[in-house]
Amino acid sequence: MEQVLDRQRGAVAEQVNGIFKITETFLVAANRWVSDHPERDPRTDPDFAALVRDFQRITNESMLVRLVDEDGTLHLVPEAPGAKLANVADRDYFREAMAHPPGDIFISAPFRGRSTGLWALSVATRMSRPSHGATIAFVAIEQSLFNSAFAKGRIGEEGSISLVRRDGVLLARSATNPGELGRNLSQSPVFTEGLAKSGDGVLFTQGQLTDGVPKLIAFGALPNFPLVVTVGASMDSVVGELRATVIRVAMIMALVSVLMFLATRKILSLLDDLAASRSQLTASRDQMAAEVEERRHIEAALQRSNGDLEQFAYIASHDLQTPLRNIVRYAQLLERRYQGHLEPDAHDFIEFIVDGGKHMTQLIGDLLEYSRIASQAKPLDRCSSKDAADRAVNNLRVQIEEAGAEVVIGELPEVMADDARLVSLFQNLLGNGLKYRSPERPSKLSVTAERAARGTWRFAVADNGIGIEREYFEKIFQIFQRLNPTSETEGTGIGLTLCRRIVDRFGGAIWLESTPGSGTTFFFTLEGGYHHEGDNNA
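Here the sequence shown stands for residues 1 to 538, where the numbers follow the UniProt record's numbering.
This is the structure we're talking about:
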């Protein structure tokens, strides 16, 4: 919950900072214009009026620009003939702007407009070279603009968002009594406990700022202005969110516990069998010197034991599928049988179990494929790498068309490999390029090969996708490692691990080169044969 509050605080702070930044930019531009044109009256000059109109158009007419003489007389821009001129000499922004050096920016306390009756605050500056009486320029920002910025960031009915000046003056607050505006909060916990120790953070307070409701509050100072943004959530909202999180975690842990129990029972059984076999082999080693025939038996038994170990991951993963399918099947049966009789949360829990089961099934399938590379390996034979690349492109036809990608297969040689595994190698590398394509340009992929040292070929599978940072070059080949592990990225993170295992099985090496934002090229070497010519565009 603290992270949620802090993210909301950051989002609101960014909006508020934008409001004051564009206001500051305009006041600097207005000051420069007046300094550069001392002979022209900004109150009536059409060019200065155009500058004001451009600013108001950018801000959707939500901010008003005014000029003030040194005696406090207020002027509109452009000034209407015969307009009644008010005096603002009693306003704090006039007094502070006159007291500060020219060009300094001052943010006023909230005030009620004398003509509009609306609450607003002013951002004012004193001109470097006053012209025709125009001494101060200010921008009035109505409270409604802050209310719009706060609307989307509020959490719960009793949640609140506040904008406070660094000296403690409350400038704006969501859903507040206007009479609270301008109140000094410098003795509140946000200032005495929070800001006194750090520029931002999260704390608990019995009475958040003005409403007296116990809240968890995220606070943070703006980097460019003497302002503080706070986002608070009532403890009822926090407890409700924690309760929902506990339920979700409990369901996940229950599912994981069931799966771990089944997996552990199977693994322990296999380990007992392997331990028994190893004990027998250890006892047999004492007689190896006496009889050569017995030694051959022992060596054969050792070979079988190593084979058992190699098959271990395959068997464990394979036997996990049956209980996992039962979990998914019975969860779906529960949903169908009790449709409409369960609480809404129960359907969500069942859906989570089904989705988790399906994802676990995919993980197990990938583990099986990983183990088969060694346990069911075929002898290497001469095969066409071009045919293998073409088959991989054909297998990816739907993904290629959906991505609008262009795939170019260059001249590729015959190599010593397992044909099916070679197709899998190309398919995983090309699929990786499609998965991590750039949204800024059409996807292009290519497969090429060139002769390398000692009768080998170096293949290159290149894409123009998002690229990879150098620090992750080795990590991506580790099992179940993904650089972007989100629900929007398909896969289990084992594809590149399979690629490395396949290339190792073929007696080659695999590596990559990448420029973030420009694309990635995967290289691998294979023992070669004859060269096939011809290009194929997909």
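Cβ atoms here follow ideal geometry from the backbone N, Cα and C, with glycine treated the same way.
Residue(s) in a DSSP beta bridge with residue i
i	result
residue 216	204, 233
residue 457	451, 526
residue 519	515
residue 75	67
residue 227	165
residue 293	None, per the DSSP bridge assignment.
residue 257	Paired residue(s): none; residue 257 is not in a bridge.
residue 444	406
residue 139	65, 123
residue 170	164
residue 398	The partner list for residue 398 (beta bridge, DSSP) is empty, contrary to what the question assumes.
residue 417	381
residue 87	73
residue 510	524
residue 131	134
residue 463	445, 520
residue 267	Paired residues: none, contrary to the question.
Sub-8 Å separation of residue i and residue j beta-carbons
i	j	result
residue 469	residue 516	yes
residue 617	residue 526	For the chain, the structure presents residues 1 to 538; residue 617 sits outside this window and is missing.
residue 232	residue 215	yes
residue 107	residue 165	yes
residue 94	residue 68	yes
residue 519	residue 467	yes
residue 404	residue 443	yes
residue 502	residue 424	yes
residue 65	residue 52	yes
residue 20	residue 169	no
residue 385	residue 429	no
residue 324	residue 16	no
residue 77	residue 49	yes
residue 202	residue 6	yes
residue 473	residue 498	no
residue 253	residue 352	no
Residues near residue i by beta carbon distance below 7 Å, same chain, minus five either side
i	result
residue 79	43, 44
residue 306	Caution applies to residue 306, whose pLDDT of 49 falls short of 50 and renders its modelled position unreliable; the model cannot decide the point.
residue 208	Unreliable placement is indicated for residue 208, whose pLDDT of 48 sits below 50; no coordinate value is reported for it.
Cβ-based neighbour list, residue i, same chain, cut-off 8 Å, excluding 5 preceding and 5 following
i	result
residue 31	102, 103, 125, 127, 128, 137
residue 500	477, 510
residue 528	413, 414, 415, 416, 451, 455, 456, 457
residue 141	19, 23, 62, 63, 120, 121, 122, 123
residue 381	416, 417, 418, 419
Which listed residue (the options) has its alpha carbon closest to that of residue i
i	options	result
residue 188	393, 178, 204, 174	204
residue 84	471, 75, 92	75
residue 354	335, 343, 345	335
residue 397	434, 69, 383	434
residue 2	451, 219, 147	219
residue 100	135, 120, 117	135
residue 13	228, 264, 33	228
residue 420	431, 36, 391, 331	391
residue 111	474, 53, 402, 88	88
residue 180	196, 190, 163, 192	163
residue 402	292, 37, 507, 431	431
residue 152	60, 262, 8	8
residue 148	167, 133, 346, 174	174
residue 524	453, 39, 464, 349	453
residue 394	378, 348, 427, 495	427
Buried versus exposed call for residue i [16 or more other C-beta atoms within 10 Å across all chains shown]
i	result
residue 326	exposed
residue 58	exposed
residue 461	buried
residue 389	buried
residue 117	exposed
residue 139	buried
residue 487	Note that residue 487 has pLDDT 47, beneath the 50 cutoff, so the model's placement of it is unreliable and the number below is only indicative. Per the 10 Å Cβ criterion, exposed.
residue 272	exposed
residue 422	buried
residue 522	buried
residue 333	exposed
Residue i at chain D interface by Cβ criterion, 8 Å
i	result
residue 50	Any reference to chain D falls outside this structure, which holds one protein chain only.
Neighbourhood of residue i by C-beta distance below 6 Å, restricted to the same chain and skipping five residues each side
i	result
residue 328	354, 357
residue 446	408, 462
residue 145	62
residue 450	458
residue 105	24, 125
residue 132	41
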